[in-house]
Amino acid sequence: MSVQPEERLAVALARLILDPAAPPARHIAVGAASPIPAAACWLVKKQGHAVRLSLLHKRSGNPFTEGSRELFDLTGQGRIDLFFLGGGQIDGQANLNLVGTGEWPGTGVRFPGSFGSAFMYFMTPRTILFREEHSPRVLVKQVDMISAPGVSPPGVFRRGTAQALVTGKCVFTFDPSSARFTLASLMPGESEASVRAATGFDFDVAAGIAEAPEPDKSTLALLRGAVCDEMMETYPEFCARVFGRKAAA
Amino acid sequence: MNPISLEAMAASVPDGALIAMPPDNSLPSVALAKALVRRGARGLRLLGVPVSGFATDVLIGAGCVVEVQTSAVSLGEAGFAPRFSAALKAGTITVRDATCPAIHTMLQAAEKGVPFMPLRGVIGSDILAHRPDWRVMQNPFTDEADQVLLLPALSPDIAVFHAVMADAEGNVWVGRRRECATIAHAAQRALVTVERVVEGNLLEDERLAPGTISGTYIEAVAIAERGAQPVALLDEYGVDAAYVANYARMAKTEAGFAEWCAEHVFGALRAAAE
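So the protein sequences, as listed, match chains A and B. To convert, count from 1 in the first sequence and add 6; that's the numbering used here. To convert, count from 1 in the second sequence and add 1; that's the numbering used here.
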């Protein structure tokens, strides 16, 4: 079986989770409908790293016993080190729009809504932004409306910002002091030019960018084995499609 | 406490009520939502705790709803909520966007009987710009600049959810889904559908007591077997993804939604009457 794009993305996310330059990720939370971030977290754990995972939508053995507010209470205290967010629109200053396009509250296209982003983005020491679709309609110069701002002025409590933005085409890192993204690595077949053509915002380019190395055999075996085992209950369709694993009847 | 019928429970919900409901992963009463459609409820204001799902979309589609306060509306893997999106576009509902912990915090303030509670984050989000009822103030406990969001207590008229079981004392068991306890505590009334009623008192059982909501908070219980379906109920039954996908497909149009309702909301009633 050849390497699936979703596997490549999970491996790219896992690399960012383990980035030694970033604050430590001892406790990672993963929100609803996030199979690729969940796969990345399980991969890190199955590689033997000491990390606690709290998956919001796990049906059996759900880690939260105080209802869905517990994730936010934990995060408010600083007990969650890393979270993943996406957006219907993401702009060059890492502002996220999960509300919609046009006028408030989404007179163009209405997205589902902001969920916990307006809190989690501030209160987590680092956030990895993830959106598979890399197109000018998603990665815009300026979001139509802000669910959660990319940076905050002094006097507004904030533990962290985006560490990076991972898409189907590339990985950008984010510098909160300049509020700008930097192209850091490319998915196979992409170039700086192809990324520019598909991106609505301006960005910097790291010296000597290259394609990220392909996942090795042992990583793929782990993803398709132990990681898939953990994900079957929550994401059966994803496991069937990406890992080729069918649920037992 | 004697259970009442589902239709009697729906009849006790007045038009215009502010109803708090948990989302699809957290014990919504789809059975009561369908009963509200059958009774022709109007002017309902729905509060998603902290987000909204299948039951909210059905109530909107049936014209029962004038306002939704929520942090998101979605059918999960089945995608965007079609009747919510259509009603927003048509301007037939008012949408008051929030963010998950803000909804929890407003309810927790009501639980405690205090007028407001602070919350971190949110400052700089356009959600705040569209919530004139929310305030920002300087933290009075520091000399450093520190802006904090203040949220008003929110006491819904009615909490509605589906528990696994009730007992003879009117206590209900929701396992670890304690957000149902928060909305029952915060609301004026709590109406709970259950799979079954058991003998005895759940609070006498040390293992069940932590997942139990005291009957103090519960106004009425109605038996509705598989009352959360098509969504999951703890370890009792799983989600019926094909049912939700079929709904998402049919509810793309008003006519398709009406056809779906005739079969899935009114159909059971007709069959029972025959």
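From the three backbone atoms N, C-alpha and C, an ideal C-beta is built for every residue, glycine too. All figures in this text were calculated on a predicted structure; none of them were measured in a lab.
Endpoints, beta strand (DSSP E) assigned at residue i
{"i": "Phe136(A)", "result": "132-137"}
{"i": "Ile20(B)", "result": "19-22"}
{"i": "Pro119(B)", "result": "117-120"}
{"i": "Pro153(B)", "result": "148-153"}
{"i": "Ala38(A)", "result": "Here Ala38(A) belongs to no beta strand (DSSP E), and DSSP marks it neither H nor E."}
{"i": "Val67(B)", "result": "66-71"}
{"i": "Gly49(B)", "result": "45-49"}
{"i": "Arg136(B)", "result": "136-139"}
{"i": "Thr95(B)", "result": "95-98"}
{"i": "Ile96(A)", "result": "95-97"}
{"i": "Leu91(A)", "result": "88-91"}
First through last residue of the alpha helix (DSSP H) which encompasses residue i
{"i": "Val38(B)", "result": "31-39"}
{"i": "Gln53(A)", "result": "Counting along the chain, Gln53(A) falls outside any alpha helix (DSSP H), and DSSP gives it neither H nor E."}
{"i": "Glu112(B)", "result": "101-113"}
{"i": "Ala223(B)", "result": "Segment 221-224 is the beta strand (DSSP E) holding Ala223(B); no alpha helix (DSSP H) there."}
{"i": "Thr57(B)", "result": "55-62"}
{"i": "Met10(B)", "result": "7-12"}
{"i": "Thr225(A)", "result": "223-228"}
Where residue i falls: helix, strand or coil (DSSP)
{"i": "Gly106(A)", "result": "strand"}
{"i": "Met251(B)", "result": "helix"}
{"i": "Val9(A)", "result": "coil"}
{"i": "Arg251(A)", "result": "coil"}
{"i": "Val123(B)", "result": "coil"}
{"i": "Arg75(A)", "result": "helix"}
{"i": "Tyr244(B)", "result": "helix"}
{"i": "Tyr238(B)", "result": "strand"}
{"i": "Glu3(A)", "result": "As displayed, chain A neither begins before 7 nor continues past 255, which places residue 3(A) out of reach and without an answer."}
{"i": "Phe162(B)", "result": "strand"}
{"i": "Val211(A)", "result": "strand"}
{"i": "Val266(B)", "result": "coil"}
{"i": "Ala42(B)", "result": "coil"}
{"i": "Phe81(B)", "result": "strand"}
{"i": "Leu61(A)", "result": "strand"}
{"i": "Glu260(B)", "result": "helix"}
{"i": "Ser75(B)", "result": "strand"}
{"i": "Ala203(A)", "result": "helix"}
{"i": "Ala130(B)", "result": "helix"}
{"i": "Ala27(A)", "result": "coil"}
{"i": "Ala218(A)", "result": "coil"}
{"i": "Ala167(B)", "result": "strand"}
{"i": "Phe142(B)", "result": "coil"}
Anticipated Cβ contact below 8 Å, residue i with residue j, distance rounded
{"i": "Leu228(A)", "j": "Leu49(A)", "result": "6 Å"}
{"i": "Met22(B)", "j": "Val59(B)", "result": "In fact, because the Cβ distance is near 11 Å, the residues do not count as touching under 8 Å."}
{"i": "Val31(B)", "j": "Leu45(B)", "result": "Not a contact, Cβ separation roughly 15 Å."}
{"i": "Arg132(A)", "j": "Ala28(A)", "result": "6 Å"}
{"i": "Ala16(A)", "j": "Ala46(A)", "result": "5 Å"}
{"i": "Leu155(B)", "j": "Leu108(B)", "result": "6 Å"}
{"i": "Val211(A)", "j": "Glu198(A)", "result": "6 Å"}
{"i": "Gly174(A)", "j": "Glu138(A)", "result": "5 Å"}
{"i": "Val195(B)", "j": "Val165(B)", "result": "7 Å"}
{"i": "Ser60(A)", "j": "Leu77(A)", "result": "7 Å"}
{"i": "His7(B)", "j": "Ala223(B)", "result": "Here residue 7(B) turns out to be Leu, not His, going by the sequence shown. Contact flag correct, Cβ pair sits at about 5 Å."}
{"i": "Val201(A)", "j": "Ala190(A)", "result": "Contact doesn't hold; Cβ gap of about 11 Å is too wide."}
{"i": "Leu152(B)", "j": "Ala110(B)", "result": "7 Å"}
{"i": "Gly206(A)", "j": "Val146(A)", "result": "4 Å"}
{"i": "Gly119(A)", "j": "Val245(B)", "result": "Going by Cβ atoms, the distance from Gly119(A) to Val245(B) rounds to 18 Å, so no, they are not a contact pair."}
Cα-Cα separation, residue i to residue j
{"i": "Arg116(A)", "j": "Leu104(A)", "result": "9 Å"}
{"i": "Gly92(B)", "j": "Lys113(B)", "result": "35 Å"}
{"i": "Ser27(B)", "j": "Ile34(A)", "result": "22 Å"}
{"i": "Ile159(B)", "j": "Ala18(B)", "result": "7 Å"}
{"i": "Ile96(A)", "j": "Asp150(A)", "result": "10 Å"}
{"i": "Ser123(A)", "j": "Ala87(B)", "result": "24 Å"}
{"i": "Lys252(A)", "j": "Pro242(A)", "result": "8 Å"}
{"i": "Leu22(A)", "j": "Gly239(B)", "result": "34 Å"}
{"i": "Leu91(A)", "j": "Tyr127(A)", "result": "8 Å"}
{"i": "Thr213(B)", "j": "Ala221(B)", "result": "15 Å"}
{"i": "Leu80(A)", "j": "Pro102(B)", "result": "11 Å"}
{"i": "Pro199(B)", "j": "Glu170(B)", "result": "One detail in the question is off: residue 199(B) reads as Val in this sequence, not Pro. Each residue's alpha carbon lies about 10 Å from the other."}
{"i": "Cys245(A)", "j": "Lys64(A)", "result": "15 Å"}
{"i": "Ala225(B)", "j": "Val14(B)", "result": "17 Å"}
{"i": "Ile20(B)", "j": "Gly250(A)", "result": "43 Å"}
Proximity test, residue i beta-carbon vs the ligand MG heavy atom, cut-off 7 Å
{"i": "Arg75(A)", "result": "This structure lacks the ligand MG; in fact it carries no ligand of any kind."}
Runs of beta strand (DSSP E) lying entirely within the stretch 169-213 of chain B, each at least 3 residues, in chain order: Within the stretch 169-213 of chain B, the runs of beta strand (DSSP E) at least 3 residues long that lie entirely inside it are, in chain order, 190-199.
Complete alpha helix (DSSP H) runs within the stretch 111-198 of chain A (minimum length 4 residues, chain order): Unbroken alpha helix (DSSP H) stretches of 4 residues or longer found wholly inside the stretch 111-198 of chain A: 123-129, given in chain order.
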